[in-house]
Each structure stands twice: as C-alpha cells, then as structure tokens.
Amino acid sequence: MRTRTPNNVIEDIKQSIAFHEHSIIPRMSRVLWLSDDNFFADRDWAVSVLNAIIESDIKYYFTIQARYEVGFDDEMLDLLKKAGFIEVAMGIEFLEDKSFEEYHKKSSYTEIVRSVQNIQKHGLNVRGLFIVGADNHTKGVGDRLANFVLEHNIHGILIQSMYFVPGTPVYEANKNRLLHKNWAKYNGNVVHYPQNITPYDLQEEIIHAIDRIYSAKRLFHALLHEKWIHKVLFIGEYFWQKSVRANLKQELPYLKNLEIGVK
C-alpha cells in the first residue's frame with residue numbers, strides 16, 4: 001500500500017486550513033475531517049503522522065473515520081487527543097450480532113460498546129456510522145438505534161440504508177431485490193426489499209431515529225452543556241439532518257405505492 005510522507009500530509013493539512021481561513025466566510029467550527037478510510041491500516045505510519053501533527057505548529061480540530069478496533073489502542077487514542085482530534089467517526093454498522101455474522105463482520109455488540117466507552121474515556125467523542133436494512137431488521141430498528149445513540153452519548157450519526165454495489169458478488173446475489181436503479185436515490189433512501197420489514201416501514205424507521213437523535217431537547221442540551229466547538233457542530237448537524245429527513249419523507253409516497261401495488 002502506497003502512503004504519503006508525514007511531512008506531505010502536514011503540508012496538505014496546512015493548505016486546507018489556509019483555504020478555509022481565507023475564504024469570504026471563515027469556518028466557525030475550525031474542524032477538518034481527514035478523509036482517509038485507511039488511515040489506521042498501517043499503524044506505524046499513522047503514529048508517525050500523528051506525531052508530526054503534534055510537533056507542528058498546527059492548532060486546529062480534527063475528526064477521522066476508523067474501524068471499531070482503534071478503540072482498543074490506548075497509545076493511538078492518546079496521540080489522537082494530543083494531535084487535536086476531537087472525534088472518531090466509527091463504522092459501527094450494526095447493533096445485532098446476527099447481522100455481523102450474516103455479513104461476515106468480525107465485530108460484536110459487546111466489542112462495539114467497549115470500543116465506544118474507551119474512546120470516550122480518552123476524551124474523544126464518537127460519531128456513529130450505521131447501516132439499516134439487514135435481513136434480520138424488523139419494525140423497531142429505528143428505536144433500537146436511537147436508544148443506543150442516546151444511552152452511549154454518541155454525538156452524531158449517519159444512517160445509511162443498505163445497498164449493493166454493482167460488479168460485486170453481493171450485488172449479483174441481491175440484484176433481484178432492488179427497488180430500482182435510479183442511482184441518484186442511492187443516498188440514504190431505502191432501495192431494496194429487506195426480508196422482515198417493508199421498504200416503506202424501514203424508511204419511516206430511519207426518519208424516526210433521526211427525529212429522536214436530533215431532537216430539540218438534545219439541541220438545547222448541547223447549547224447549555226457542550227463545549228463551544230461541539231455546540232457549533234451540533235447546531236450545524238441539527239439543521240442538516242432536518243434537510244435529510246425532508247428528503248427521506250419525499251420518497252415515502254413512492255414506497256407506499258410499492259407496498260400497495262401501485263406503479
């Protein structure tokens with residue numbers, strides 16, 4: 001796997017910061033997402049980059065995506081905190097051991113919880129990236145997801161309805177279950193027939209989960225109790241998620257017509 005040098009990464013970060021700081025409307029949040037899905041794949045390289053950030057004169061906040069295993073690496077979590085990271089966007093995906101097994105994932109619910117708790121113990125927030133629409137998902141999956149987020153103080157979420165990527169074995173095995181091939185709608189909408197819940201009901205579950213997680217009550221709590229940077233982030237997400245819900249609701253009539261057999 002080819003990697004860039006730590007110095008090259010530092011220069012890229014500085015250029016990104018300069019771009020935002022010198023824009024007409026500077027970013028209030030002062031947060032950069034390092035969008036490398038494989039940042040921790042080479043542990044030694046990741047450590048060297050984090051040390052380079054620590055040794056630089058960069059004073060900024062960062063967030064990064066990671067698998068749940070990073071939550072068991074205390075040294076890495078300490079370095080993330082020292083380097084200015086405030087959040088780990090964790091690919092939690094599912095909350096049911098049966099789903100992990102069905103899709104050949106090594107995760108388990110217990111390990112996910114342990115990972116979240118240890119990340120938070122190191123002073124970092126967790127953003128949960130979830131998938132719904134597994135074959136064992138039923139009505140109530142939205143409430144179960146929201147309960148988990150609220151119980152474990154997950155600061156932000158992204159819910160993706162399951163879809164299958166063309167050209168992969170899983171796509172070939174499931175292409176007859178697709179609702180359509182309008183790829184523009186593969187942006188969080190339900191696009192396949194799950195086994196134990198209708199597409200319409202699953203879409204409703206996603207909307208309901210977002211309603212609970214981004215409630216006015218949580219917004220007021222963030223305004224009263226969170227640090228400045230987290231206030232700004234939650235306010236932004238609160239209104240962004242309102243637009244997400246609006247888009248999801250626009251698809252409900254189409255999904256309802258499918259349910260009753262109207263084309």
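Sequential numbering from 1 applies to the sequence shown in full-length UniProt numbering. C-beta: ideal position from N, C-alpha, C; glycine also.
Between the alpha carbons of Phe-39 and Asp-97, how many angstroms are there, rounded? In the sequence shown, counting from the first residue as 1, residue 39 sits at position 39. In the sequence shown, counting from the first residue as 1, residue 97 sits at position 97. Roughly 26 Å separates the two Cα atoms.
Where DSSP assigns a beta bridge to Gln-117, which residues make up the other side? Your numbering for residue 117 matches position 117 in the sequence shown. According to DSSP, Gln-117 bridges with nothing at all.
Environment of Leu-223 [buried if 16+ CB atoms lie within 10 Å]: In the sequence shown, counting from the first residue as 1, residue 223 sits at position 223. Exposed, by the Cβ-count rule.
Look up Arg-127 in the DSSP assignment and give the residues it is bridged to. Stepping through the sequence shown from its first residue, residue 127 is reached at position 127. Paired residues: Ala-89, Gly-156.
Cross-strand partners of Phe-62 (DSSP beta bridge): Taking the first residue of the sequence shown as 1, we reach residue 62 at position 62. The partner list for Phe-62 (beta bridge, DSSP) reads Leu-32, Phe-85.
Pro-194 and Asp-135 - do their beta-carbons sit closer together than 8 Å? The count along the sequence shown starts at 1 and reaches residue 135 at position 135. The count along the sequence shown starts at 1 and reaches residue 194 at position 194. Yes. Within cutoff.
Would a C-beta distance cut-off of 8 Å place Ile-53 and Ile-10 closer than the cut-off? As a working mapping, residue 53 is identified with position 53 in the sequence shown. As a working mapping, residue 10 is identified with position 10 in the sequence shown. Contact flag set, yes.
With DSSP as the reference, please indicate the residues paired to Val-132 in a beta bridge. Mapped onto the sequence shown, residue 132 falls at position 132. Ser-161, per the DSSP bridge assignment.
I need the straight-line Cα distance from Gly-123 to Val-113, nearest angstrom please. Counting from 1 along the sequence shown, the entry for residue 123 is found at position 123. Counting from 1 along the sequence shown, the entry for residue 113 is found at position 113. The straight-line gap from Cα to Cα measures roughly 16 Å.
When the Cα of Gln-203 is compared with those of Ile-58, Gln-160, Lys-14, Tyr-103, which residue comes out closest? Taking the sequence shown and counting its residues from 1, one reaches residue 203 at position 203. Nearest option by C-alpha distance: Gln-160.
Express the C-alpha separation of Tyr-60 and Tyr-163 in angstroms, rounding to a whole number. As a first step, residue 163 must be located in the sequence shown, where it is residue number 163. As a first step, residue 60 must be located in the sequence shown, where it is residue number 60. Distance between the alpha carbons of Tyr-163 and Tyr-60: 35 Å.
Buried or exposed (CB count within 10 angstroms, at least 16 for buried), Glu-75: Numbered from its first residue, the sequence shown carries residue 75 at position 75. Answer is exposed; the Cβ neighbour count stays below 16.
Restricting to Cα atoms, I'd like to know which of Asn-147, Gly-236, Gln-250, Ala-66 is closest to residue 264. Residue 264 lies beyond the stretch modelled for the chain, which goes from 1 to 263, so this question has no answer here.
Can you check which of these residues, His-137, Gly-140, Lys-139, Asn-147, is closest to Gly-128 by C-alpha distance? Looking up residue 128 in the sequence shown gives position 128. Out of His-137, Gly-140, Lys-139, Asn-147, Asn-147 has the C-alpha closest to the C-alpha of Gly-128.
Is it true that the CB of Ile-207 sits closer than 8 Å to the CB of Lys-249? Taking the sequence shown and counting its residues from 1, one reaches residue 249 at position 249. Taking the sequence shown and counting its residues from 1, one reaches residue 207 at position 207. Yes, the Cβ-Cβ distance between Lys-249 and Ile-207 is below 8 Å.
Over the uninterrupted alpha helix (DSSP H) stretch that includes Tyr-171, give me the two end residues. Here residue 171 refers to the residue found at position 171 of the sequence shown. Where Tyr-171 is concerned, the enclosing alpha helix (DSSP H) stretches over 169 to 174.
Any chance you could list the alpha helix (DSSP H) runs of at least 4 consecutive residues sitting entirely within the segment 174 to 243, in chain order? 199 to 213, 216 to 225
Leu-248 at chain C interface by Cβ criterion, 8 Å: In the displayed structure, chain C is absent; only one protein chain is listed.
Alpha carbons only, please: which of Val-70, Tyr-103, Ser-56 is nearest the one belonging to Tyr-171? Residue 171 sits at position 171 when you count from the first residue of the sequence shown. Answer by Cα proximity: Tyr-103.
If the criterion is Cβ atoms closer than 8 Å, does the pair Ile-131 and Phe-94 meet it? The residue you call residue 131 lines up with position 131 of the sequence shown. The residue you call residue 94 lines up with position 94 of the sequence shown. Taking 8 Å as the Cβ cut-off, Ile-131 and Phe-94 qualify as a contacting pair.
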